Amino acid sequence: MKLATWNVNSLSVRLPQVLAWLADNPLDVLALQETKLTDDKFPAAELQTAGWHATWFGQKTYNGVALLSRHPLTDVVRNIPGFADEQARVIAATLGEGDTRVRVIGAYFPNGQAPDSDKFTYKMAWLNALRTWVQAELAAHPRLVLMGDFNITPDDRDVHDPVAWAGQIHCTPEERTHFAGLLALGLHDAFRLFEQAPKSWSWWDYRNLAFRKNQGLRIDHILVSDALRAQVSACHIDKAPRKNERPSDHAPVVLALSD
DNA sequence: ATGGCTGGAGGATCCAGA
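The numbers in my numbering rise by one with no breaks, and the one at position 116 of the first sequence is 111.
Right, dumping it as structure tokens:
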């Protein structure tokens, strides 16, 4: 079974690239972030033609998340229950049935803009709500994957220039403490279960030739629960779509689970 | 060059992203 997450920075712009990438990279489930589409504009028909089930949750201009799946998805939850939020950032669903079913949560974590901003305060509140809810989800669904654009670098290995980024958004101690708090629930950063090349990023700024110079951050993550950890056989970042014409600024992260 | 692309909204620039 293969799962992936990809912040596409507008699904209407990137749908052809998503379909092309999926044709070359067979998956069971893909979590999308920043679809930037209201629900009536979601390209369900095109995806269905390509053989994908989908569930989606979006809004105008900003945010928006979706799950694409080769198999039906059930028990869909949109956003964090009990956390009033104008912004469409979370979609969860269950794949399969019986003892091998997997709960999948796709999330677009708040950016936070700057550590002294109101948006950072919102990011902290959102992260608190997320942790409480994920803890409950884990209790109900031990086989769980939490993946998406976390907008957090877990540590300095995930930052191309840790000195310049020290204390900046994505790299503050507060954000990293929240990331560690998710791991403390019994989740594992799948990428770090394996030896990885140094300077592995999932995002590169559009400006400054950042991709060509490989100046980026690792902010897109796949966390797997204790119950799934033994089945994780690979996790990698696929840089190929970042080389496309008119690319997303994020690359997909891919997880393989053995049967 | 001290925020240098990109997408969306709207119809010129501005907001937001990370």
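Ideal placement from N, C-alpha and C gives every residue a C-beta, glycine not left out.
Predicted model, so just to flag it, every value in this text is computed and none were measured.
Taking Cβ to Cβ, would you say Phe174 is nearer than 8 angstroms to Ile217? Locating residue 174 in the first sequence gives position 179, counting from the first residue. Locating residue 217 in the first sequence gives position 222, counting from the first residue. Cβ atoms of Phe174 and Ile217: not closer than 8 angstroms.
Under the three-state reduction of DSSP, which class applies to Ser220: helix, strand or coil? Counting from 1 along the first sequence, the entry for residue 220 is found at position 225. Three-state result, Ser220: strand.
How long is the line joining the alpha carbons of Glu169 and Asp111, rounded to whole angstroms? Here residue 169 is taken as the residue at index 174 of the first sequence, counted from 1. Here residue 111 is taken as the residue at index 116 of the first sequence, counted from 1. Distance between the alpha carbons of Glu169 and Asp111: 12 angstroms.
Among Leu32, Gly107 and Asp23, nearest to Val8 - alpha-carbon criterion: Reading the first sequence from its first residue, position 13 is the one you call residue 8. Of the listed residues, the one whose Cα sits closest to Val8 is Leu32.
Nearest by alpha-carbon distance to Gly181: which of Ser220, Glu41 and Asp153 is it? Taking the first sequence and counting its residues from 1, the one referred to as residue 181 is at position 186. Here the closest residue by C-alpha is Ser220.
Identify, in the order they occur along the chain, each residue of the same chain with its Cβ nearer than 8 angstroms to the Cβ of Lys234, setting aside the five sequence neighbours on each side. Mapped onto the first sequence, residue 234 falls at position 239. Correct list, in chain order: Ala246.
C-alpha distance - Gln210 paired with Ile232, whole-angstrom precision: To locate residue 210, count along the first sequence from 1; it is residue 215. To locate residue 232, count along the first sequence from 1; it is residue 237. Spanning the two alpha carbons is a distance of roughly 15 angstroms.
Residues in its own chain within less than 6 angstroms of Trp160 by CB, not counting five upstream and five downstream? In the first sequence, residue 160 corresponds to position 165, counting from 1. Closer than 6 angstroms at the Cβ level, and outside the excluded window around Trp160, lie Val154 and Cys166.
Host alpha helix (DSSP H) of Tyr117 (start-end): Within the first sequence, numbered from 1, the residue matching residue 117 stands at position 122. Looking at the DSSP string, the run of the alpha helix (DSSP H) that includes Tyr117 is Asp113 to Ala135.
Would Gln82 and Pro236 be called neighbours here (beta carbons separated by less than 8 angstroms)? Within the first sequence, numbered from 1, the residue matching residue 82 stands at position 87. Within the first sequence, numbered from 1, the residue matching residue 236 stands at position 241. No. Outside cutoff.
With a cut-off of 8 angstroms, do at least 3 Cβ pairs link the stretch 55 to 67 to the stretch 86 to 98? yes
Spatial neighbours of Phe37 within its chain, please: C-beta separation below 6 angstroms, excluding the five flanking residues on both sides. On the first sequence, position 42 is the one that residue 37 refers to. Excluding positions up to five away in sequence, the list reads Trp51.
Beta-carbon gap between Tyr103 and Glu29 smaller than 8 angstroms: For the purposes of this step, residue 103 is taken as residue 108 along the first sequence, with counting starting at 1. For the purposes of this step, residue 29 is taken as residue 34 along the first sequence, with counting starting at 1. Yes, they are a contact pair.
Could you round the C-beta distance between Phe115 and Ala109 to whole angstroms and report it? I think they count as a contact, below 8 angstroms. Translated into the one-based positions of the first sequence, residue 115 becomes position 120. Translated into the one-based positions of the first sequence, residue 109 becomes position 114. With a Cβ gap of about 6 angstroms, Phe115 and Ala109 count as contacting.
Rounded distance between the beta-carbons of Trp196 and Leu259, thought under 8 angstroms: Any answer about residue 259 is impossible in this case: the structure gives the chain only from -4 up to 254.
Own chain, CB closer than 8 angstroms to Glu132, minus 5 neighbours either side, in chain order: As a first step, residue 132 must be located in the first sequence, where it is residue number 137. Excluding positions up to five away in sequence, the list reads Ala87, Arg98, Ile100 and Leu139.
Determine the closest residue to Asn203 out of Asp244, Met119 and Ala192, with distance taken between C-alpha atoms. Taking the first sequence and counting its residues from 1, the one referred to as residue 203 is at position 208. The candidate whose alpha carbon is nearest that of Asn203 is Asp244.
Output yes or no for whether 8 angstroms exceeds the beta carbon distance between Ala49 and Ala40. Within the first sequence, the letter at position 54 stands for residue 49. Within the first sequence, the letter at position 45 stands for residue 40. No, the pair does not count as a contact, with Cβ atoms beyond the cut-off.
Give every residue of the same chain whose Cβ lies closer than 8 angstroms to the Cβ of Thr56, excluding the five residues on either side of it in the sequence, and list them in chain order. One-based indexing of the first sequence puts residue 56 at position 61. Counting only Cβ-Cβ distances below 8 angstroms, and skipping sequence neighbours, we find Lys31.
Rounded to a whole number of angstroms, what is the C-alpha to C-alpha distance between Thr0 and Leu25? Your numbering for residue 0 matches position 5 in the first sequence. Your numbering for residue 25 matches position 30 in the first sequence. When rounded, the distance between both Cα atoms is 6 angstroms.
CB Ala257 to CB Leu27, shorter than 8 angstroms? Lying before the first or after the last residue shown, residue 257 is absent from the chain, which here runs from -4 to 254.
CB-CB under 7 angstroms to Tyr201, same chain, minus the five flanking residues each way: which ones, in chain order? Here residue 201 is taken as the residue at index 206 of the first sequence, counted from 1. Once the five neighbours on either side are set aside, the close Cβ partners of Tyr201 are Asp244.
Straight-line gap, Leu42 to Pro21 (C-alpha atoms, nearest Å): Numbered from its first residue, the first sequence carries residue 42 at position 47. Numbered from its first residue, the first sequence carries residue 21 at position 26. Each residue's Cα considered, the two are about 14 angstroms apart.
Which same chain residues, not among the five before or five after Asp259, have their C-beta less than 7 angstroms away from its C-beta? Past the edges of the chain, shown from -4 to 254, lies residue 259, and the structure says nothing about it.
Between which two residues does the beta strand (DSSP E) holding Ser7 run? For the purposes of this step, residue 7 is taken as residue 12 along the first sequence, with counting starting at 1. Unbroken run through Ser7 is the alpha helix (DSSP H), Leu6 to Asp19; no beta strand (DSSP E).
Beta strand (DSSP E) segment containing Gln43, residue limits: On the first sequence, position 48 is the one that residue 43 refers to. Premise fails: Gln43 lies in the alpha helix (DSSP H), Ala39 to Thr44, not in any beta strand (DSSP E).
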